[in-house]
Structures are given as C-alpha cells and as structure tokens.
DNA sequence: TTTCATTGCGTTAGTTAGACACAATATAAA
DNA sequence: TTTATATTGTGTCTAACTAACGCAATGAAA
C-alpha cells in the first residue's frame, strides 16, 4: 500500500534525536498572511499523505528564542527575510494533538512511530502571525519534508489538521483588533501600490465596505504616504496613482496608533 | 548561616517529581492588575530569601491547558474566581533563567539543587495579564512556599527577579493597545464606582490626562453605564454619583471596540 | 468613436472633540 | 455657624471630523 520512500537525513535525525535537540512538547505555528488580487490569503502546507492542509510550523531548538524558531519557519517556507512577525496566542488544549497526523505521514516511509515517541506526546503550540508581501515570496519545497506550501484564500479554507483552523481565525481576529498598531499596508503590499489596493486590504481584514473617497482622505491625512508621479496602467479603467509608504512617519504613527472609527 | 526550615510535602514533591508532573521547560507568569486609591498596582510575590519581587507564576500540569494553569495561580494568590485573563506574550530568551533564584530559595531548607535539576534548565514562560477588583482580593500565604503577595504601585517597581520587570511592562503596553477591546472598567473597579474613578483608571493606563467633562460625555454616549441614585459621600468635596456597568451592552460594545481618540 | 466602470477631487450636513464657564455641594477651616 | 475650598454636574461654543454623495476625467473595451 504505502510505497517506501527513503527517509532523508534531516527527518531521520528529527525522529531519532528530536527530543534532545528541541524543547519537548512545544512548537510554533505560523499564520502567514499575504494579499494578492484583492484577496487575503495564507500560506499553508499541502500534505500529500492525507490531503489536508497544515500551518507551517516547527520546533524550538534547545537554546533558541521562540521568535527565532518562528522566523526559521518563515524563512524556510517563503525565502523572504525581514518579515513582520507577532505572537498572538497559545494553543494548549490537551487533546489538540493528533497522533494519526504523524503516523500517516511517516507511513509512506514505512515507519511506525512507537506509542511513546516524543512526537506523539502532547504539544503546546505558540501561534504567530506574519505579514508578507505576496510578490516577494517564492514558495519552494521544504528540504525536510519535500512538501509544498501554497496560498489559499482565507475564506476558502477547509480540511485543516487538528486545531489549525481555529488558530487561523484567532490570528485574523488578533490582526483586526491590533490593526491600528500593525503595519499591514507596509508589509502586505508591494513597495508601490494604489489607493484602491490599500483600501481593499483594509476592507478585507475588517470585513466591511468603506467609502472610497473618505478612505483616501483619511489615509492621506495620516501623513504616511508618498504619492508618486506614476499610475498603474493596464487595468480596464482609469489608471490610479501609485503610492509608497513614508517609513519613518508610518512607524511613528503606528506607535501612537492609527485610530479610526472603522 | 541559613537556618534549616522543614520542607513541606508539596515543595518536596515539586522538587523530586516536578518533571513528571509538569510540562518541562515551560511556565506561566501572571501580571495581576488592580486599581486602588487611584493607583494602578500589580500583585507581586515578596521573596524573603533574596529581598526581590517576583511575578506569581507556576507550572503547567502534564494534561492541563495553559489558561487553566494561569488560572490556578490566580486563584491561589487572590482567592478570587471569575477573573479576566489574557495571554499577551511569550518570553523565551535562552539566558532569561537564573539558577541562583532557585538555589538561594532552597538554601534556607538546606537544599542544594544538582546542576542538572529540571528547575535549573532553561524555561520559556507564557505571559498572562489579569484584571481584578482590588476590593475582592484577600492575599494570603501560598500553601506551597508560605510567601506572601503584596500590591505594588506599577510605577514604583524595582528589584524584580530575572526578566519579570520586562514582562510587567510588556503587559502594560499590551493592555494599552487593547484598551478598546478589554473590559478594564468592569474588572478593575468595584461593582459601584464613580465617574472620576473610572476616568482616573483610563488616565493611569494611558498615562495621559483627560478632560473630565469630555470623558464623562463620551463614556455616557457608549451607553454602557447605569447611573445610580446614590452618591459616594465621605470624600472631602461634592459627592459624585455612583455607576454600574450594563453588562450586556458593555460586552457588545467591546466586541466592536470602544474606539476613541485618546 | 462611443461606452462604461473606475478614479480624482470636491461639497455639504450632521456629529464629535476639545476647550472652557458656572452653579451646586460636601467637607474642612474659621 | 459661617466661610472657604476643592470637586462634581451640567451646559456652551467653535473647530474639526465623519458620512454620504456629486461630478468631471480617464483608459480600456465595445
């Protein structure tokens, strides 16, 4: 039934010595947000062995800060550095772990993990969300598991393993309540972007329509945008102007909080 | 030098079997906010053996959700149930642990922990903050360590162990940015309170003076307060009216966020 | 050349924020 | 008992802002 694929050295080491190399019972999972074609997406692992999706995650080295572990995961999956990353919650339901996820994964290598294997113990996972410029990401197969990540519309998610769907929606909720303090524009959009794009991003995260003209006025009043002398042609209609962020002012404004009544 | 105090059974078990009973390398620390005499305070442990303060913290049982562990700590230290509790960050600097804290603590029992003792390993701690009605708390000595908690003005904190001071200020920052979504009034004030008290609470957390009259108008416009037909006499001046929260409306308003430009 | 959805810029009415005035009141001081 | 004082309750006014909408310009498609 299960064809035996050879186990790569990294995976082998993980299975055999993982409990010596990593903090036991602890993991990180990352909800990586991207924005493309006016849709909010997240980067998920497409698990070939059970046809389900999983959040990119990993373990924490014995002497590593948790943030670094999350960062490693991000780098490995996206190839991008300098990513906005934020811890938002901890998921620790004692029954959240699911041995079958691991077992079915290693079955294709002809391996059955013993019942007391460290991977099958209870895991508490620390949730991070990341904001990343979609256009900079080159997804590639992981060196470890040869699995690919793909972007999925956050509203078209289904069949995720364990509690990963809950983690995603907690991340989104967290992003929403911290919107005034989070550089979503800077990190989710390409360097140059149009006002309609920025607006759509806010609308998507807030799940709420905003008035085009009032939005523009408000954004400009924050004093964080540079209007360029270029337009984005190619769309089917009037070409909108391009903008960039004035990084210094943006950072400063975020400290105080970009409040607003939306 | 160190007088030998007898080790109570709970502590003995913790030392000897802690690594079997609890998740290893993981702890929770709680920043318990209270508000009294117009000052924002936190509840800290007064460590007799080194004259420093520590956040109330604890370990996570093998099969326990992390929130439950934090809740246990709260209950033990305050005797109050039904406390607002929120995870806000994770502290995982590999060098944050400090063996001397434990060693000096057990020295008074005449115990020296071996170098590879589980308590001396690296710990990652999950930070929670709690909001509690000062008037309901009866601090008492812990059954385990016989140490007392005490309320300390958050602006007069010093000499805390390890990174606990950093944890406190991260908690405060977190509280601030989530103010619009956090029931600070309901949880930090007694059932009946005056408008000046509520205002002072916001001023303290925001570290900012607010106009008395505008604050009142705004609070009332949220529609979350019930004005009572009583006043708080005893103060040296005109007696202010008492209010209670309209719980239903408050909860609803918090979901949307009590936004404001302060 | 015309059509049309979209963008840029503008207007207006209603609301809110921010600053301040003044009377009422509970205790302390005289 | 009277007066003083700090504080609270209520109200006013202006500037600023929000929400809703108008209209001309534009760029691709028909």
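Protein chains in written order, with the numbering used here: chain H, 1 to 262; chain L, 1001 to 1262. Built from N, CA and C at the ideal position, the CB exists for glycine as well.
Distance, residue j Cα to residue i Cα
i: residue 2 of chain H; j: residue 107 of chain H; result: Residue confidence for residue 2 of chain H is low, a pLDDT of 44 falling below 50, so the modelled location carries little weight; the figure read from the coordinates is stated next. Their Cα atoms are separated by approximately 7 Å.
i: residue 32 of chain H; j: residue 1162 of chain L; result: 32 Å
i: residue 1201 of chain L; j: residue 1096 of chain L; result: 32 Å
i: residue 48 of chain H; j: residue 21 of chain H; result: 27 Å
i: residue 255 of chain H; j: residue 179 of chain H; result: 12 Å
i: residue 1088 of chain L; j: residue 1171 of chain L; result: 7 Å
i: residue 8 of chain H; j: residue 1155 of chain L; result: 55 Å
i: residue 1208 of chain L; j: residue 196 of chain H; result: 36 Å
i: residue 1239 of chain L; j: residue 1192 of chain L; result: 14 Å
i: residue 241 of chain H; j: residue 210 of chain H; result: 19 Å
i: residue 1014 of chain L; j: residue 1110 of chain L; result: 16 Å
i: residue 1041 of chain L; j: residue 98 of chain H; result: 42 Å
i: residue 1169 of chain L; j: residue 51 of chain H; result: 44 Å
i: residue 1213 of chain L; j: residue 1221 of chain L; result: 12 Å
i: residue 1215 of chain L; j: residue 82 of chain H; result: 41 Å
i: residue 217 of chain H; j: residue 1101 of chain L; result: 55 Å
Pick from the options that is closest to residue i, judged by C-alpha positions
i: residue 1060 of chain L; options: H:37, H:33, H:70 and H:92; result: H:92
i: residue 1248 of chain L; options: L:1089, L:1223 and L:1190; result: L:1223
i: residue 1152 of chain L; options: L:1082, L:1036 and L:1181; result: L:1036
i: residue 1076 of chain L; options: L:1111, L:1054, L:1034 and L:1139; result: L:1139
i: residue 1116 of chain L; options: L:1234, L:1217, L:1042 and L:1016; result: L:1016
i: residue 53 of chain H; options: H:6, H:42 and H:159; result: H:159
i: residue 250 of chain H; options: H:81, H:182, H:169 and H:82; result: H:182
i: residue 69 of chain H; options: L:1071, L:1212, L:1090 and L:1206; result: L:1090
i: residue 55 of chain H; options: H:165, H:253 and H:212; result: H:165
i: residue 1012 of chain L; options: L:1253, L:1113, L:1051 and L:1071; result: L:1113
i: residue 1119 of chain L; options: L:1027, L:1071 and L:1253; result: L:1027
Presumed contact (8 Å Cβ cut-off) between residue i and residue j, rounded CB distance
i: residue 73 of chain H; j: residue 58 of chain H; result: 4 Å
i: residue 1229 of chain L; j: residue 1244 of chain L; result: The Cβ separation is near 12 Å, so there is no contact.
i: residue 29 of chain H; j: residue 125 of chain H; result: 5 Å
i: residue 1094 of chain L; j: residue 64 of chain H; result: 7 Å
Beta carbon of residue i nearer than 9 Å to that of residue j
i: residue 187 of chain H; j: residue 258 of chain H; result: no
i: residue 1122 of chain L; j: residue 1018 of chain L; result: no
i: residue 145 of chain H; j: residue 105 of chain H; result: yes
i: residue 1204 of chain L; j: residue 1137 of chain L; result: no
i: residue 189 of chain H; j: residue 219 of chain H; result: no
i: residue 1157 of chain L; j: residue 1129 of chain L; result: no
i: residue 1184 of chain L; j: residue 1127 of chain L; result: no
i: residue 44 of chain H; j: residue 149 of chain H; result: yes
i: residue 1062 of chain L; j: residue 1023 of chain L; result: yes
i: residue 194 of chain H; j: residue 232 of chain H; result: yes
i: residue 133 of chain H; j: residue 235 of chain H; result: no
Within the stretch 1043 to 1112 of chain L, note down every full alpha helix (DSSP H) run reaching 4 residues or more, in order along the chain. Unbroken alpha helix (DSSP H) runs of no fewer than 4 residues, entirely contained in the stretch 1043 to 1112 of chain L, are found at 1066 to 1078 and 1099 to 1107, following chain order.
Extract the residue ranges of the beta strand (DSSP E) inside the stretch 113 to 162 of chain H, only unbroken runs of 3 or more that lie entirely within it. Secondary structure within the stretch 113 to 162 of chain H: the beta strand (DSSP E) runs of 3 or more consecutive residues, fully enclosed, are 124 to 131 and 149 to 153 (chain order).
Contained alpha helix (DSSP H) runs [length at least 4] in the stretch 187 to 255 of chain H, N- to C-terminal order: Listed in chain order, they are 195 to 206 and 212 to 221.
Which ranges would you report for the beta strand (DSSP E) in the stretch 1002 to 1026 of chain L if only whole runs of at least 3 residues count? Runs found: none.
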